[in-house]
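Undergrad:
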Amino acid sequence: MDKRDYIVAKDPVSEKLLEGLKERQDVNATRIRKLLDLPDLSRRENSPIKFIVEKILGMESFKDFDVIEIPEIVSVRDNFDLLNASADHPSRKETDTYYISKDYILRTQTTVMWPFYLQKENVLKKLNGEGEIGLLSYGKVFRKDEIDRNHFPVFHQIDGLYICRKEKKIIGIPELREVLASITKAIYGDKVKFRFLEDTFPFTDPSTQIEIKVSGKDKVESMKEEEKWLEIVGAGVVHTQVLSNLNIDPSVYNGWAFGFGLERIAMVKMNIPDIRIFWSDDPRITSQFKNIDSQYKEVSKFPMTYRDISFVVPKSMSLNNYYEIVRDYAGNLVEEVKLTDKYEDDEKFGNDKLSYTFRIIYRSPERTLTNEEVNQIQEKIIEKTKEELGATIR
Numbered sequence: 001m002d003k004r005d006y007i008v009a010k011d012p013v014s015e016k017l018l019e020g021l022k023e024r025q026d027v028n029a030t031r032i033r034k035l036l037d038l039p040d041l042s043r044r045e046n047s048p049i050k051f052i053v054e055k056i057l058g059m060e061s062f063k064d065f066d067v068i069e070i071p072e073i074v075s076v077r078d079n080f081d082l083l084n085a086s087a088d089h090p091s092r093k094e095t096d097t098y099y100i101s102k103d104y105i106l107r108t109q110t111t112v113m114w115p116f117y118l119q120k121e122n123v124l125k126k127l128n129g130e131g132e133i134g135l136l137s138y139g140k141v142f143r144k145d146e147i148d149r150n151h152f153p154v155f156h157q158i159d160g161l162y163i164c165r166k167e168k169k170i171i172g173i174p175e176l177r178e179v180l181a182s183i184t185k186a187i188y189g190d191k192v193k194f195r196f197l198e199d200t201f202p203f204t205d206p207s208t209q210i211e212i213k214v215s216g217k218d219k220v221e222s223m224k225e226e227e228k229w230l231e232i233v234g235a236g237v238v239h240t241q242v243l244s245n246l247n248i249d250p251s252v253y254n255g256w257a258f259g260f261g262l263e264r265i266a267m268v269k270m271n272i273p274d275i276r277i278f279w280s281d282d283p284r285i286t287s288q289f290k291n292i293d294s295q296y297k298e299v300s301k302f303p304m305t306y307r308d309i310s311f312v313v314p315k316s317m318s319l320n321n322y323y324e325i326v327r328d329y330a331g332n333l334v335e336e337v338k339l340t341d342k343y344e345d346d347e348k349f350g351n352d353k354l355s356y357t358f359r360i361i362y363r364s365p366e367r368t369l370t371n372e373e374v375n376q377i378q379e380k381i382i383e384k385t386k387e388e389l390g391a392t393i394r
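Quick note on the UniProt record's numbering: the sequence shown kicks off at 1 and runs consecutively.
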């Protein structure tokens, strides 16, 4: 392959939708604007996320791979349809994905780089001429999820893709495992313990994953034995149907692909206990990260406080809808939301209702919270829970 090209992909529809978001005042638009306004930590100087990206980009095996930057607003077609996600795939649900319209979403994976890259005329010319292409893409992705120290609605991924003529090389899991092992060792060192497991993804077949053995007293003591192995990457041989979807002949070409979760890698590598730390602007925190081998030391264990809330809602409600409300008003001041009780009582609540009790744990990684500010946040959450979910507070 020739030297690396840097590509910035654009989508006029995405740009128009982004402008439209600025005018909208609905809850969903407000929520999405906040997420889009967050910085891309994979491109932010002295961010642990950027250190991981730079390590991978600098590897000899990827020196000729192109790098593409893609829009954060993408089509359902590019994000799901072309990548072989079934019509009933869970990630398509509005309870899991941020929809801007019925046809456009906030990207849920950097794998969506495939359609943007493989439909470019100069890329296809390069593939036909040289018989191979390689690509890397990284940045923010967006998913609705639970609230704890390991989850945040915005996180970062890096994806890799390699396609070549079959006459040049037949791609299989053994070749891919060599690539994944080299990345894992480059980040964690040659002594890292890892294992391969089978997996399933819509866009690769067969598929695999790597789990690494988590070490270190702070990380291991509170973990169950099965939790001491942590998945860091999903990968596989590019699905023939996806190649066909992208007008690449699967009888002529084959390839491999991978996707790493960057926060997960950095948390283990740099001993970071809480995903919110990545977003901190506190110099006591940010000054600790100087390179990929930096180790985080807790600034101080600020006290936590909690508030319980019980409410009755329709059985059809997704818990992610409640978590979104909590994030809207508590932001980075919420450490975790625990479901402590769930039950139904047809006589008391009706046959289509459920009662939930949650414990919202508040703690800032930067300062001590006051009861007054926590109470104000909690009141807003209660108000919006009634308003948006039709909940009856108990």
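Glycine residues also receive a C-beta, built at the ideal position from the N, C-alpha and C atoms.
Around the Cβ of residue 276, are there at least 16 other Cβ atoms within 10 angstroms (buried) or fewer (exposed)?
TA: It counts as buried.
Undergrad: Just reading off the beta strand (DSSP E) that residue 346 is part of, what are its end residues?
TA: Residue 346 -> not in any beta strand (DSSP E); alpha helix (DSSP H) instead, spanning 346-349.
Undergrad: What number of angstroms, rounded off, separates the C-alpha of residue 253 from the C-alpha of residue 315?
TA: 48 angstroms
Undergrad: Spell out whether any CB of chain C is found under 8 angstroms from the CB atom of residue 373.
TA: Among the protein chains of the structure shown there is no chain C, as only one such chain exists.
Undergrad: With a 10 Å radius around its C-beta and 16 neighbouring C-beta atoms as the bar for buried, classify residue 97 as buried or exposed.
TA: buried
Undergrad: Using 8 angstroms as the threshold, is the C-beta distance between residue 83 and residue 242 below it?
TA: yes
Undergrad: From 326, 358 and 348, pick the residue whose C-alpha is nearest to that of residue 341; which is it?
TA: 358
Undergrad: What distance in whole Å lies between the Cβ atoms of residue 31 and residue 324, which are believed to be in contact at a cut-off of 8 angstroms?
TA: 7 angstroms
Undergrad: Any heavy atom of the ligand COA within a distance shorter than 7 angstroms of the CB on residue 249?
TA: Of the ligands one can find in the structure shown there are none, so the ligand COA has no counterpart to examine.
Undergrad: Take residue 168 and list the residues in its own chain whose beta-carbon comes closer than 7 angstroms to its own, dropping the five residues that flank it on each side.
TA: 131 and 132
Undergrad: Quick check on the DSSP output: the beta strand (DSSP E) that includes residue 165 runs from which residue to which?
TA: Per DSSP, residue 165 belongs to the beta strand (DSSP E) from 154-165.
Undergrad: Between which two residues does the alpha helix (DSSP H) harbouring residue 116 extend?
TA: Its alpha helix (DSSP H) spans residues 113-118.
Undergrad: Can you tell which of 365, 198, 306 and 190 has the C-alpha that lies nearest to the C-alpha of residue 339?
TA: Closest option to residue 339, judged by alpha-carbon separation, among 365, 198, 306 and 190: 306.
Undergrad: Under 8 angstroms, do residue 259 and residue 238 count as touching if we go by C-beta distance?
TA: Going by C-beta atoms, residue 259 is not nearer than 8 angstroms to residue 238.
Undergrad: Please give the ranges of any alpha helix (DSSP H) in the stretch 264-313, keeping only runs that are unbroken, at least 4 residues long and fully inside the region.
TA: If one requires a minimum length of 4 residues, the alpha helix (DSSP H) runs lying completely within the stretch 264-313 are 283-286, in chain order.
Undergrad: Quick check: the stretch 52-70 against the stretch 7-21, are at least 3 beta-carbon pairs closer than 8 angstroms?
TA: Flag = yes, the stretch 7-21 and the stretch 52-70 touch.
Undergrad: What are the start and end residues of the alpha helix (DSSP H) that includes residue 389?
TA: 371-389
Undergrad: Note down the Cα distance separating residue 268 from residue 214, rounded to an integer number of angstroms.
TA: 7 angstroms
Undergrad: Throw me the rounded Cβ distance for the residue 139 and residue 42 pair, which I believe falls under 8 angstroms.
TA: 6 angstroms
Undergrad: Under a Cβ-count criterion, where at least 16 other Cβ atoms within 10 Å of its own Cβ denotes burial, should residue 142 be classed as buried or exposed?
TA: buried
Undergrad: Can you tell me which residues form a DSSP beta bridge with residue 5?
TA: Looking at the DSSP assignment, residue 5 forms no beta bridge with any residue, so it has no partner.
Undergrad: Would you say residue 291 and residue 51 are within 8 angstroms of each other, going by their C-beta atoms?
TA: yes
Undergrad: What residues are listed by DSSP as bridge partners for residue 208?
TA: 198 and 235
Undergrad: Does the distance from the CB of residue 263 to the CB of residue 196 come in under 8 angstroms?
TA: 8 angstroms or more divides the Cβ of residue 263 from the Cβ of residue 196.
Undergrad: Mind checking whether residue 76 and residue 117 have CB atoms under 8 angstroms apart?
TA: no
Undergrad: If you draw a straight line from the alpha carbon of residue 343 to that of residue 61, how long is it in whole angstroms?
TA: Within the model, the alpha-carbon separation for residue 343 versus residue 61 is close to 54 angstroms.
Undergrad: Measuring alpha carbon to alpha carbon, tell me which of 40, 18 and 207 ends up nearest residue 33.
TA: Taking each of 40, 18 and 207 in turn and checking the Cα distance to residue 33, the smallest one comes out for 18.
Undergrad: Which whole-angstrom value describes the C-beta separation of residue 369 and residue 362, a residue pair presumed to lie in contact below a C-beta threshold of 8 angstroms?
TA: Between residue 362 and residue 369 the Cβ distance is about 6 angstroms, and since that is below 8 angstroms, they are a contact.
Undergrad: Could you compute how far the alpha carbon of residue 182 sits from the alpha carbon of residue 158?
TA: 15 angstroms
Undergrad: Could you pull out every residue in the same chain whose Cβ sits closer than 8 angstroms to the Cβ of residue 330, ignoring the five residues on either side in sequence?
TA: 360, 362, 377 and 381
Undergrad: Which value, in whole angstroms, describes the spacing of the CA atoms of residue 48 and residue 186?
TA: 15 angstroms
Undergrad: For residue 56, report the span of its alpha helix (DSSP H) as first-last.
TA: 48-57
Undergrad: Among the residues of its own chain, which have a CB less than 8 angstroms from the CB of residue 177, if the five just before and after it don't count?
TA: 196 and 208
Undergrad: Classify residue 278: buried if its beta carbon has 16 or more other beta carbons within 10 angstroms, exposed otherwise.
TA: buried
Undergrad: Rounded to the nearest angstrom, what separates residue 25 and residue 35 at their Cα positions?
TA: 15 angstroms
Undergrad: By alpha-carbon positions, which one of 392, 333 and 388 ends up nearest to residue 371?
TA: 333
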